[in-house]
Amino acid sequence: MSVALNATGLGKQYRNRWALRDCSLRVPSGRITGLVGPNGAGKTTLLRMAVGLIKPAAGEISVFGWSPTGQPALVLARVGFVPQDRPLYRRFTVGDILQLGRHLNPRWDQAAAVARLARLDIGLNRKIAHLSGGQQAQVSLALALGKRPDLLLLDEPLSNLDPLARREFMRALVEVVAAEGLSVILSSHVVAELERVCDHLVILNGGRVQVVGDIDELVALHKLLIGPRLDAAVIGGDATVVQATHTEHQSAMLVKVGAHPVGADWEVHDVSLEEVVLAYLGNPAAATLPAPVMEKAG
Amino acid sequence: MLHFHLDARSGVPTYIQLVNQVRRATRNGTLHAGDRLLTAREVVAALAINPNTVLKAYTQLESEGLVISRPGLGTFIAQGIPAPLAPALQRQLRRGLDSWIRSAEIAGLDREGMLALINLAMDEKDKKGAHVA
Amino acid sequence: MIWLTWRQHRLEGLGTAVVVAVVVLVVGSLVVAVQPLLEQIRHACSIVVDDSCGRALIAFQSRFGMFQQPLYLAFLVLPVLPGFFIGAPLIAREFEQGTDQMVWSQGITRRRWLLVKLAVLGSATAVMAGILALAGQEWSTSVPDNSYSQWFAFDVQGPEFVAYVLFSFALGVAAGAAIGRTVPAMAAVLVGFVVVRTAIGLFARPNFLPPVESELSGPLFSGQGQAWMMGNPRPADLHGNTVGTDQFDQVTNACLHPLGGVVPGNFDLQACWHEHGVKLLQTYQPAERFPLFQGIETAIFVIAAIALLGLAAWLVGRRA
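Residue numbers (our numbering), protein chains in the order written: chain A, 199 to 496; chain B, 48 to 180; chain C, 1229 to 1548.
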């Protein structure tokens, strides 16, 4: 597996709160990875560290093997970033924004950026402030993609966009992934947005990584077991309980299945990705991480 | 040309929905041997889904022998896809089906109820099939 | 990056150029307008034989007196503007609108971003300030000689004026970096600039070097040429001990009384004082110290500006 982003023991503190604490994960290249977690979980901090805007207080992070703060020129040439709220200079025209990208990046594909915006009917001499939210989002995306990055990071890219604009943004994103094969990490606290477009998932909770894995595998590996009310969880087999809810007569356990089947008196139901995510978010002590791999990254 | 659609709420994984739609299209004659499927990029653009999902579906179809991918040319419905049912087989299946329909009517199901039950059974079977794949 | 600096600040650049052009135009027109009367004054006042000198001076005052004060105030205020309009928003606006995240994730380090911005905007500001300083100098020498002291023009001309402007700019940049919001940074520039300029101008400048106290030479206390008079003259005896004002006034009356009201131009009042055992001492900064004082004040503000820019760079780096 080729690794786009590798983090070990990352920590960052703001005043008296740890935004990230002992955060370790590996994000594979060639995938669209969703970064999900509640507000304040550390998603923005992690993404900003990956692009070198923030220095870790503890631990290390590398992107394609380079350090974002130690080798900024190398990293910034290969990594594109769409920050939260997709900021742009509002008095600039669309063409000015592309010029900005062209002047500030060593590698820049002006023709492709212009073509992309032309396909979306966004004129180059329109002022940013006069564009709709969805159009501004497309300009931010075009700016980040103009340097032809190998990794694209997006921090809550769909916030404050109407449903049509969200769909169009995602469409533009997956089109370029299909064409160029770049790696993508996008954060959101809305699971449904990610499910359509991501094939890999990271759950960040309270500054720590709780889950990393392939989405189809995660959904397949988790089941909802329903059975008569039990005070102790006696499931049988080697399943791990993620979340247990009890009513007066009934217990429901969201579990990660092991190699052996569960006891016969449990009803086994499939779960959606959203249910899996909610179960983990509600139980910070639970975790599903890939087994340690004896291989070199990269 | 087959155009895909996605039911985001069905709980069925996306790539399985794509596989099923191709299968059904070959069964009911929408697609014939030699017809070209939309390229992965075209499907991605139309549905705004992950490219790997489309590739997964096409790979599954190819492993089932339903399609053949020719690099540079596209993905095509394979020759020798199952022909429409032989009359004898169709009669046999109909007998079982008619008997089941009578049981369902006695149990109180109307047409919609029976179709719903059939869809439920098919969906569950498909989801189980995802784990095996 | 130079393109970006120009594109982002071209409105402010144009505004600054317009302001400078207006000031240059106003000063230029004034300088041109006063020349005939100035000639007249120089001619009439070189040898005072009648009241034509006095009348010419009064005419000058009534025609052009109303411009001097407002123009002086304008020159005092102008250096605040670059800090206010260019320096304060420079970093603060980027933080406020989150565009720092956008621009520092292009292929440019924040160090280079800041360096180019400061270099381009700082030099442009310095050039504009230089033009204004020259205009100030032209204006300040276009007044009648005996109402002109180079020291009065200290604040409106010379390298120190450019230093004020650079200080204001640097103060704005540092305040913006520290506070992170444009409007409070502007307020900080206003307050900070006024406080520092007043403190240096009123309290530090008179003491850059210890003032001299001595008798003024020349029969009618026309002063040490272009010296900076500080405080009132001190009557003293010949050893330098203070004597009472009444006593000194008596001596002066005694010296002038025999002349009967008309004092010839070559009357040596000072010799008369000495005969009576008194003299008049004045505290002042000698004229020849003027360039040195300009240099000291320039150095103070330039060093402060550099320190502030260094602070801003450190704050920007610490944001990571």
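For each residue, glycine too, the CB sits at the ideal point set by N, CA and C.
For D397(A), the chain B residues whose Cβ falls inside 8 Å of its Cβ are N97, N99 and T100, in order along the chain. With the rule of 3 Cβ pairs closer than 8 Å, the stretch 434-443 of chain A does not count as touching the stretch 394-404 of chain A. Around the beta carbon of A95(B), 16 or more other beta carbons lie within 10 angstroms, which makes this residue buried.
A direct Cα-to-Cα measurement between A1363(C) and L1306(C) gives close to 13 Å. The residues C1483, in chain order, have a CB closer than 6 Å to that of C1500(C) in the same chain once the five nearest residues on each side in sequence are set aside.
The criterion of a C-beta distance shorter than 8 Å is not satisfied by Q336(A) and L350(A). Put simply, the backbone Cα of V1384(C) is about 17 Å away from that of G1293(C).
I115(B) has F123(B) as its beta-bridge partners, per DSSP.
Take L102(B), set aside five residues on each side of it, and the residues of its chain with a beta-carbon closer than 7 Å to its own are A87, in chain order. Cα atoms of N166(B) and I259(A): separation of roughly 48 Å, rounded to the nearest angstrom. Of all residues in the stretch 1232-1261 of chain C, the ones placed with a Cβ closer than 9 Å to any Cβ belonging to chain A are L1232, R1235, Q1236 and L1239, in chain order. Of the candidates V1248(C), G1358(C), D1279(C) and R1291(C), the residue whose Cα lies closest to the Cα of L1265(C) is R1291(C). About 13 Å separates the CB atoms of V225(A) and V249(A); that is not less than 8 Å, and the two are not in contact.
Leaving aside the five residues that flank G480(A) on each side, the residues in its chain whose CB is nearer than 7 Å to its CB run, in chain order, Q441.
V234(A): member of the beta strand (DSSP E) spanning I230 to V234, first to last residue. By the criterion of at least three beta-carbon pairs nearer than 8 Å, the stretch 1339-1346 of chain C is not in contact with the stretch 281-292 of chain A.
The Cβ-Cβ distance between S1442(C) and V1417(C) does not fall below 8 Å.
Below 8 Å, too few C-beta pairs join the stretch 1524-1543 of chain C and the stretch 1469-1478 of chain C to call them touching: fewer than three. Taken atom to atom, the span from the alpha-carbon of H79(B) to that of S110(B) is near 18 Å.
Around the beta carbon of H1237(C), a 10 Å sphere encloses 16 or more other beta carbons of the protein chains shown; the residue is thus reported as buried.
Cβ-Cβ distances below 7 Å link R229(A) to S381, D397 and H398 in the same chain, with the five nearest sequence neighbours on each side left out; the list follows chain order.
For V466(A), the secondary structure class from DSSP, reduced to helix, strand or coil, is strand.
Identification of residues in the stretch 406-423 of chain A having a C-beta nearer than 8 Å to some C-beta of chain B yields D414, V417 and A418, given in sequence order. Within the same chain, Cβ atoms closer than 8 Å to the Cβ of V375(A) are found at I230 and V382, the five residues on either side in sequence being excluded. Going by DSSP, S1377(C) is part of no alpha helix (DSSP H) at all; its letter is neither H nor E. Taken atom to atom, the span from the alpha-carbon of T1369(C) to that of L1537(C) is near 34 Å.
Contact between S470(A) and G58(B) holds, with the beta-carbon distance rounding to 6 Å and staying under 8 Å. When C-alpha distances from V90(B) are compared across V395(A), G257(A), E472(A) and A310(A), the shortest belongs to V395(A). Taking C-alpha positions only, Q1454(C) is separated from P1514(C) by approximately 8 Å.
By DSSP's assignment, M1458(C) forms a beta bridge with T1511(C). Within the model, the alpha-carbon separation for L1258(C) versus L1399(C) is close to 33 Å. In the same chain as F1295(C), and ignoring 5 residues on each side of it, the C-beta atoms closer than 8 Å to its own belong to L1258, in chain order. Within the DSSP secondary-structure output, S381(A) pairs in a beta bridge with L349(A). Looking at the backbone, the Cα of G331(A) and that of L1239(C) are separated by about 26 Å. Here T206(A) is bridged, per DSSP, to E258(A). A1548(C) has a beta carbon lying within less than 8 Å of a beta carbon in chain A.
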